[in-house]
Amino acid sequence: MRKLSTVFCAAVVAVLALAAAVPAAAVPIAAAVPMSAPGGTVPGLTGAAAKAAAGPAADRFLEIRRAQAGRAAPRAAAQKHTFWGPEPQLATSADGLVVTQSVTPSLRISHSSDVVYAPTMKPTGHSCVEVVTAYGLGQAAQVWAWDWCRSVSPAKVVPIDSAFLANYTSTVDGHPAYTVQEVRTNTTANSWTASLRNVKTGAWDTLFTQSGSDQSGLDEGWDIFELYSTRNPATGNAYYCADARGAVFESSSLRLRVAGQWVAASATNSPLRPTANPRPADYDCSTLRFEVPSPNSTWRVTV
């Protein structure tokens, strides 16, 4: 009996060792059933400090959304606003979204007016929070919680630094990525909470919570690759195209919460906008490659 116990214990040790050797991030975190277990709070800048940290990139962002909603004229023709990705439709009546978003911590955009917001997501036209991965104007990469119901500004700014990478990212398809979940927690008050999955604790750390009336002026939701770019006359491509060469912008395992159930984004509930087959020339970057590995729950843009 003692000999069998020794063998059994050795087998258990071997299995545990094998499990420890398997990368924990072989698949996007969002591939697992979204969890509601609350954790701590994502550290970051708030208030005036958040606005200062986001800088002119936040001004560009607000201009984009106001122009989309027909509330402001677009900027000069020298600059281009383009985007691509799935847009959850209002008819879906989703009250939550969970998705895994890639990050490129080393990316810096050299031109003073250019910004890459990719990926950036907002569940529906009713939601109060947009979670943005932002690169622009020489700044280090950041994650924003944009408040659409009160301040209409970046309410929290989180630098994508070593601490963020250690606590909130895992390796997905060869690059670091974080998983974000946003859900409506109170229908009457239209309260929404955006949370990031803490890879160390397994809990959802609160990024930002807000309630009120959405002021974006847009009905649909989105999870997109988005640009504010300027063409370099010397190359014919936008400045970001050279800055981001080799970068991968990916959104994976996108799911919507509909009638209390999590369902994968599809061509039916989340069509690709503005087109299913974008042309690199329209984004002023001849090397761009657009892919949809899992229509429409996973998309990838390679520069």
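When you read off a place in the sequence shown, starting at 1, and then add 5, the result is the number in the working numbering.
Note that CB positions come from ideal geometry on N, CA and C, so glycine has one too.
Note that the structure is a prediction, hence the values are computed from the model and not measured.
Can you tell me whether residue i is buried or exposed? The criterion is at least 16 other CB atoms within 10 Å of its CB, across all chains shown.
| i | result |
| --- | --- |
| Gln-147 | buried |
| Gly-141 | buried |
| Ser-218 | exposed |
| Asn-191 | exposed |
| Arg-202 | buried |
| Gly-90 | buried |
| Arg-294 | exposed |
| Ala-249 | buried |
| Ala-59 | buried |
Grab me the residues of residue i's own chain with a C-beta within less than 6 angstroms of its C-beta, minus the 5 sequence neighbours each way, in chain order.
| i | result |
| --- | --- |
| Thr-303 | Ser-257 |
| Arg-305 | Glu-255 and Glu-296 |
| His-131 | Asp-219 |
| Gly-44 | Asn-203, Thr-206, Ala-208, Trp-209 and Asp-210 |
| Tyr-122 | Val-137, Ala-139 and Glu-231 |
| Val-157 | Gln-220 |
| Tyr-288 | Thr-87 |
For residue i, I'd like the list of residues in its chain whose CB is within less than 7 angstroms of its CB, leaving aside the five on either flank, ordered along the chain.
| i | result |
| --- | --- |
| His-116 | Thr-235 and Tyr-244 |
| Thr-51 | Ala-160 and Lys-161 |
| Leu-170 | Pro-110 and Pro-181 |
| Val-308 | Cys-246, Ala-249, Arg-250, Gly-251, Ala-252, Cys-290, Thr-292 and Leu-293 |
Look at residue i and residue j and say whether their C-beta atoms are less than 9 angstroms apart.
| i | j | result |
| --- | --- | --- |
| Ala-145 | Ala-160 | no |
| Gln-94 | Asn-274 | yes |
| Pro-124 | Pro-181 | no |
| Asp-152 | Pro-128 | no |
| Ala-57 | Val-120 | no |
| Trp-197 | Cys-154 | yes |
| Ile-165 | Gly-143 | no |
| Asp-178 | Val-104 | no |
| Leu-212 | Ala-199 | yes |
| Asp-228 | Leu-259 | yes |
| Leu-67 | Arg-262 | no |
Can you name, in chain order, every residue of its own chain whose Cβ lies under 8 angstroms from the Cβ of residue i, other than the five neighbours on each side?
| i | result |
| --- | --- |
| Ala-168 | Pro-48 |
| Ala-264 | Ser-98 |
Checklist entry - Between the region 277-293 and the region 253-269, do at least 3 Cβ pairs fall closer than 8 angstroms? => result Verdict: no, contact absent.
Item to check | Contiguous beta strand (DSSP E) assignments of at least 3 residues, all confined to the region 73-129 | outcome: As far as the region 73-129 is concerned, its whole beta strand (DSSP E) runs of at least 3 residues are 84-91, 101-107 and 120-127.
Item to check | Contiguous alpha helix (DSSP H) assignments of at least 4 residues, all confined to the region 211-275 | outcome: 244-248
Next on the checklist: Going residue by residue through the region 131-175, where are the continuous alpha helix (DSSP H) segments of at least 4 residues, counting only ones entirely within it?
Outcome noted: 167-173
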